[in-house]
Every structure is written in structure tokens, then in C-alpha cells.
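Worksheet: the structure to be examined is printed underneath.
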Amino acid sequence: MAGYSIGEVEEITGVKAHVLRYWESVIPGFAPQKDMGGR
Numbered sequence: 411m412a413g414y415s416i417g418e419v420e421e422i423t424g425v426k427a428h429v430l431r432y433w434e435s436v437i438p439g440f441a442p443q444k445d446m447g448g449r
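Here's what the structure looks like:
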């Protein structure tokens, strides 16, 4: 399944990458699926 990089999500949504990463750490269920390489 193809996904989006954090940079692509930032461009699409207008939400800065550091904010998305913060949300990953504080909002249950918000973290993206990552492959074995961590991407």
C-alpha cells in the first residue's frame, strides 16, 4: 500500500511537519503505519 511522506502530508494539509510529529506523540491512534525501515 502506498502512503505519503510527512513532507507530502505537510504540503497537502498545510500543517507543519513538527506539528504532525507532535500529534503522533500525544493523540492515541494518530500515529501512521510504518514499514520495517521506519518509513
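Numbering-wise (this note's numbering), the sequence shown opens with residue 411 and increments by one.
For glycine and all other residues, C-beta sits at the position ideal for the given N, C-alpha and C.
query                                                                                                                                            : result
Below 8 Å on the Cβ atoms is my contact criterion, and I expect Glu434 with Ala441 to pass it. Report the Cβ-Cβ distance as a whole number of Å. : 5 Å
What are the boundary residues of the alpha helix (DSSP H) that includes Ile416?                                                                 : 416–423
Roughly how many angstroms separate the alpha carbons of Gly424 and Tyr432, rounded to a whole number?                                           : 15 Å
Rounded to whole angstroms, what is the Cα-Cα separation between Leu430 and Glu421?                                                              : 12 Å
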